[in-house]
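Just so you know, the protein sequences line up as chains W and H, in that order.
Following numbering that gives the first Met the number 0, the numbering of the first sequence begins with 0 at its first residue and continues without gaps.
Following numbering that gives the first Met the number 0, the numbering of the second sequence begins with 0 at its first residue and continues without gaps.
Quick reminder that beta carbons are idealized off the backbone N, C-alpha and C, glycines included.
A short write-up of the structure that comes next.
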Amino acid sequence: MSLIFIQLLNGLQSGLLIFLAASGLTLVFGILGVINLSHGSFYMLGAYLALSLTSAFGDVFLALALGIPLAFLCGFLIEFLFIRHLYNRDHLQQVLLTFALILVFNELQQVVWGSYPHAIPAPSYLADSVRLTEGLSYPVYRLALMAICLALALAMVLVIQKTRVGRLIRAAESNREMVEALGFDSRMIFRLVFAAGTALAAAAGMLAAPIESAYPGVGDRVLIVSFVIVVIGGIGSIRGAFIGSLLIGMADAFGKVFMPQFSSFMIYALMALVLVIRPAGLFGRA
Amino acid sequence: MLTRPNPSVIIFFLILLAGLVALPFLAGTYPVKLVTRIIILATFVLSLDLLIGITGLVSFGHGAFFGCGAYAVYFVSPESEAANVFVALGAGLAFGGAAAFVVGAFAMLTRGFYFIMVTLAAGQMMFSLFHDTDIAKGSDGAFVNVKPELTFHGTSLLDFSNWHQFYYVCLLVLVAAYFSLFGLVRSPFGRVLQGIRANEVRMSALGYDTYRYKLAAFTVAGMLAGLAGALFASIDGFVTPELFNWHQSGLAIMMVVLGGAGTLYGPIVGAFAYAMLEEVLKSASIVGPLIADHWRLGTGATLVLAVLMSPDGLAGLLCWKRRRVIRASSGAPQGGNISSRPVRVAKGLLTRGLSKNFVGLRAISDISIGFEANKVHAIIGPNGAGKTTFINLLSGAAKATAGRIMIDHRDVTGWPAHRIARAGLGRSFQLTNIFPRFSVRENCALAAQTHKASLWRLRDRPYQAQEARAVDRALSVAGLGDRGDAVAGNLSNGEQRQLEIAMLIASGADLLVLDEPLAGMGPEETQRVVALLRDLVRDHTIILIEHDMDAVFAVADTLTVLVQGKLLAQGRPEEIRADQAVLEAYLGHQAKVGAVA
């Protein structure tokens, strides 16, 4: 019984964490129309930023406060250098360019940080476990992580739904030409959205770093799971990404306990099932 | 359409082949091993071009079938004996093909972004299957202890542990694979695949079950990838789940595009170029130790630049003139005397209570109407009346929410587009919808081929004469008798619309549904097409949407007026002209028709 409860918490936690990455991906695809395979690299960037900034400043939350703007800038630059050339090209070219970027980023990581895995300490004031019930305790950091993820997710939804920038973003998603005809610079909107997407992925990487440490290729699994979530939830749908993330988080958490050999397999089976029933994803527009 | 490579390419490849054949006599073991690896890689990448370049399917899970082929060798190899060469390679072929068939059956339900993701996920699924479970020794990989051999009565004919023998087998497989695929792509089957890449919607409107063609192509590509994988397992006698890794699939796509997708020979160049680049960047003596340590940075950066700079790939560099040479017009236009065609009873069409709801919107409501055979029926109505939705329902491009559709008493409600096309209904689209890079004749040949469109038709011969006749007839009826060899994309707008009609005729459809066949035409072209339509009703039934009221009244036998998704009136032109309700609802706004009336 307590095992089930623990796995429920773990599933919720990993679901919320992966939602940050997946929502960035679905935003970028939904609005820019670009398949960004290098999204996982920004998760990796986040993990290693957490490593360097935490060792410099001593606290992963301080690292987060500095790292998110850094990742945002980085995304801004990448969009300017590479991604903007892809808007009018077909999926194949997008896949290729962003795949080649992965190769470059992976190797840059090796150059800067080397190939050994590094552990990142959770802040000392959150290092304890909290007793939830008799004989059942849970690390405080993971609870804090859930709260932060929820806060970030809420902030994102508020920005998109309630602010002027958010309204422009939603408008650009449904009709780019019209937004331009109204006199807005859609290139700048796109650049901001891409940067925000990378910042979200990096934030996920930074928050996860004390739990799963930083190692080469840490973003690969996140990338593929994020894609699975985007497909399950429906391209461009934040709500779909949220539901999909929780589904995947739970499937993974329980799969690891009850069918350890097939836990990764189950995620993809879940996706295949959703696609057969609803080919455009749960909340996708056909 | 895939054409023979031009002379410069052929010369390049003859030199390359001569070099490859001579290599074992000139070089030591290391280069031979390296080139063996590259040749196997080239075979694998070549198989991917059938999907990406020919059929237009961007598969991101192709590495999985390569991995399946490799593991197949492990599965069929006894513990301490050699497997038979044919058994090992056959197992790779079969396992790769079977996996591709299963994955493809799901993946072909999706398109675009979803297709890329589904194939990627399928590859990862197989990766985790071999990585996490112990069906084949798990994440450590597994050894094929003795490499495959071929023995006959105790004498060894072929032994894969002999480097030279194995090298020549791999080279032979690559050459055979290239020529087999070349033949396949040039066959009627391959023509359909290329048609799907150019314009899938059109292909299913012509009556092709594109799902089955794509699945067949996917399976063939999987078989060839499996064969390459089986050879790969014989290099080191070692297989690992990393073979399934999505990075392999990504690199394979890279090589296809780097070399030039859709040429078949390009990917071979791409594989060699990539492997050479990697080899150069890895060797410290050439580039220095710092770069050699981080050679992946070099390949990654090169690939980024390649994608940004040269979308056509290396194949584009090889042939400096890649444009198709347009052959001189062969043969005079045939049968100018159109009106001598016999009158033939065509099919009619009937709808009962046909309705279509979009979310929160009733696009078509409860339309019951009959379209009599051998007449021209025009559907008119203000913008947003649901005209295009209506004919989308007729042709199966959209599914009706309620109601029935009958073609000559045959209930075709709910049939997919390609089946309705086979039942004799051919349609054209609002925007011109041809295969611009095919010649006019090839466009029509693709349409004529639907007649005998058994999936595995690999040869033209049995039906060649019959189809050529159908094409000639269609072209001359449509007034394009002397334009057969022109590239369709170079035709004038009016001629392209004529070509669309010619394709419908060639496909054997006798119920033609045309969406604005006169759109964008000048007065002279309009007149020509109106005359063509009047002539066609001798042996066809025509339903068309048109905005040009003068032309409508000139060409139509009956008019059908739709307003806001409802049937307002149907009748002969003069009845419609006199109909008070129509005048109020629609014609009253049209100054032009007001003048006519």
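Buried or exposed for ARG496/H, going by 16 or more other Cβ atoms inside 10 Å?
Residue 496/H sits at position 497 when you count from the first residue of the second sequence. Buried, by the Cβ-count rule.
May I ask you to list, following chain order, the residues of the segment 88-103 of chain W that have a beta carbon less than 7 Å from some beta carbon of chain H?
Result list: HIS90, LEU91, GLN92, VAL94, LEU95, LEU96, PHE98, ALA99, LEU100, LEU102 and VAL103.
So, helix, strand or coil for PRO332/H, using DSSP?
Position 333 of the second sequence, counted from the first residue, corresponds to residue 332/H. The pLDDT assigned to PRO332/H is 35, lower than 50, so where the model puts this residue is not dependable; a value taken from the coordinates is nonetheless given after this. In this structure, PRO332/H counts as coil in the three-state DSSP scheme.
Can you list the residues of chain W that SER127/H reaches, using a CB-CB cut of under 7 Å?
Here residue 127/H refers to the residue found at position 128 of the second sequence. Ordered by position in chain W, the residues that pass the 7 Å Cβ test against SER127/H are SER263 and PHE264.
Starting from ASP131/H, find everything on chain W with Cβ-Cβ shorter than 8 Å and list it in chain order.
Residue mapping note: residue 131/H aligns to position 132 of the second sequence, counting from 1. Near ASP131/H (Cβ distances below 8 Å), the residues of chain W are PRO259, GLN260, PHE261, SER262, SER263 and PHE264.
Against chain H, does HIS84/W count as a neighbour if the rule is that its beta carbon must be under 8 Å from one of theirs?
Position 85 of the first sequence holds residue 84/W. Judged by the 8 Å Cβ criterion, HIS84/W is in contact with chain H.
Determine which residues of the segment 103-118 of chain W have a Cβ less than 9 Å from any Cβ of chain H, and write them out in chain order.
Answer set for the segment 103-118 of chain W: VAL103, PHE104, ASN105, GLU106, LEU107, GLN109 and VAL110.
Under three-state DSSP, which class holds GLY570/H?
Locating residue 570/H in the second sequence gives position 571, where the first residue counts as 1. Of the three classes helix, strand and coil, the one that applies to GLY570/H here is strand, per DSSP.
Does the contact criterion of 3 or more C-beta pairs under 8 Å hold for the segment 116-124 of chain H versus the segment 209-227 of chain W?
Yes: the two stretches touch, three or more of their Cβ pairs being nearer than 8 Å.
Are there 16 or more other CB atoms within 10 angstroms of the CB of HIS38/W, so buried, or fewer, so exposed?
Your numbering for residue 38/W matches position 39 in the first sequence. It is buried - the Cβ of HIS38/W has at least 16 other Cβ atoms within 10 Å.
Candidates TRP414/H, ASP407/H, ILE363/H and VAL8/H: which alpha carbon is nearest LEU567/H's?
Translated into the one-based positions of the second sequence, residue 567/H becomes position 568. Taking only the C-alpha atoms, the option nearest LEU567/H is ILE363/H.
Would you decide whether GLY134/W is buried or exposed? Buried here means 16 or more other CB atoms lie within 10 Å of its CB.
Within the first sequence, numbered from 1, the residue matching residue 134/W stands at position 135. That one is exposed.
Buried or exposed for GLN579/H, going by 16 or more other Cβ atoms inside 10 Å?
Residue 579/H sits at position 580 when you count from the first residue of the second sequence. Classification for GLN579/H: exposed.
In or out: VAL200/H buried (at least 16 other Cβ within 10 Å) or exposed?
If you number the second sequence from 1, residue 200/H lands on position 201. Under this definition VAL200/H is an exposed residue.
Out of PRO266/H, ALA97/H, ALA232/H and LEU230/H, state which residue places its alpha-carbon closest to the alpha-carbon of THR218/H.
Counted from its first residue, the second sequence places residue 218/H at position 219. Residue ALA97/H is the option with its Cα nearest to THR218/H.
If GLY248/W sits next to GLY23/W, beta carbons under 8 Å apart, how far is it from one beta carbon to the other, in whole angstroms?
Here residue 248/W corresponds to residue number 249 of the first sequence, with the count starting at 1. Here residue 23/W corresponds to residue number 24 of the first sequence, with the count starting at 1. That pair is no contact at about 17 Å.
Give me the DSSP bridge partner(s) of LEU137/W.
Counted from its first residue, the first sequence places residue 137/W at position 138. One point to set straight first is that residue 137/W is Tyr, not Leu, in the sequence displayed. In DSSP, TYR137/W forms a bridge with VAL129/W.
Leaving aside the five residues before and after ALA305/H along the sequence, list all residues of the same chain whose C-beta is less than 6 Å from its C-beta, in chain order.
By one-based count along the second sequence, residue 305/H stands at place 306. So the list reads LEU257, once near-sequence residues are dropped.
Between which two residues does the alpha helix (DSSP H) holding PHE188/H run?
For the purposes of this step, residue 188/H is taken as the residue at position 189 of the second sequence. Element bounds for PHE188/H: 187-197.
Which of the three DSSP states, helix, strand or coil, is assigned to ALA577/H?
As a first step, residue 577/H is located in the second sequence; it is residue number 578 there, counting from the start. In this structure, ALA577/H counts as helix in the three-state DSSP scheme.
Could you tell me which residues DSSP pairs with HIS376/H in its beta bridges?
Position 377 of the second sequence, counting from 1, holds the residue named residue 376/H. Note: HIS376/H sits in a beta bridge opposite ILE542/H and THR557/H.
I'd like to know whether the C-beta of THR28/H is nearer than 8 Å to at least one C-beta of chain W.
Against the second sequence, residue 28/H aligns to sequence position 29. By this cut-off, THR28/H is not an interface position.
GLU172/W by DSSP, collapsed to three states: which one?
Counting from one through the first sequence, the residue named residue 172/W turns up at place 173. Note: GLU172/W maps to helix in three-state DSSP.
Taking Cβ-Cβ distances shorter than 7 Å, what residues in chain H pair up with ARG270/W?
Taking the first sequence and counting its residues from 1, one reaches residue 270/W at position 271. At residue 270/W the sequence reads Met, which differs from the Arg that was named. The answer, in chain order, is ALA120.
Helix or strand or just coil, what does DSSP make of PHE142/H?
Locating residue 142/H in the second sequence gives position 143, counting from the first residue. In the structure shown, PHE142/H sits in a strand (DSSP, three-state: E or B).
Shorter than 8 Å from the beta carbon of VAL230/W to some beta carbon of chain H?
Here residue 230/W refers to the residue found at position 231 when the first sequence is read from its first residue. So, interface residue.
How about SER329/H: is its C-beta nearer than 8 Å to some C-beta of chain W?
Here residue 329/H is taken as the residue at index 330 of the second sequence, counted from 1. For SER329/H, the predicted model reports a pLDDT of 35, less than 50, meaning its position is unreliable; a value from the coordinates is still stated below. With 8 Å as the cut-off, SER329/H does not count as an interface residue toward chain W.
Can you pull the DSSP bridge partners for ARG409/H?
As a working mapping, residue 409/H is identified with position 410 in the second sequence. In DSSP, ARG409/H forms a bridge with ILE406/H.
Between which two residues does the alpha helix (DSSP H) holding SER22/W run?
The residue you call residue 22/W lines up with position 23 of the first sequence. Note, SER22/W: alpha helix (DSSP H), 1-26.
Quick one: measure Cβ to Cβ for MET205/W and ALA49/W, integer angstroms, because I've assumed they're closer than 8 Å.
Position 206 of the first sequence, counted from the first residue, corresponds to residue 205/W. Position 50 of the first sequence, counted from the first residue, corresponds to residue 49/W. Confirmed, Cβ separation roughly 4 Å.
Out of ALA171/W, THR197/W and GLU176/W, state which residue places its alpha-carbon closest to the alpha-carbon of ILE188/W.
As a position in the first sequence, residue 188/W is number 189, starting the count at 1. Of the listed residues, the one whose Cα sits closest to ILE188/W is ALA171/W.
Considering VAL355/H, what are the terminal residues of the alpha helix (DSSP H) in which it resides?
Position 356 of the second sequence, counted from the start, is the residue given in the question as residue 355/H. The sequence shown places Lys at residue 355/H, rather than the Val named in the question. Segment 348-357 is the beta strand (DSSP E) holding LYS355/H; no alpha helix (DSSP H) there.
Along chain H, which residues have their Cβ under 8 Å away from the Cβ of ILE34/W?
Position 35 of the first sequence, counting from 1, holds the residue named residue 34/W. Under the 8 Å cutoff, chain H gives PHE112 and ILE115.
From ASP538/H to ALA550/H, what does the alpha carbon distance come to, in whole angstroms?
Mapped onto the second sequence, residue 538/H falls at position 539. Mapped onto the second sequence, residue 550/H falls at position 551. In a straight line, the C-alpha of ASP538/H is about 21 Å away from that of ALA550/H.
Quick one: give me the first and last residue of the beta strand (DSSP E) that PHE151/H is part of.
The sequence position of residue 151/H within the second sequence is 152, counting from 1. 148-151 is the span of the beta strand (DSSP E), which, as asked, contains PHE151/H.
Consider the Cβ of PHE226/W: report whether some Cβ of chain H lies at a distance smaller than 8 Å.
In the first sequence, residue 226/W corresponds to position 227, counting from 1. Answer yes: the Cβ-Cβ gap between PHE226/W and chain H drops below 8 Å somewhere.
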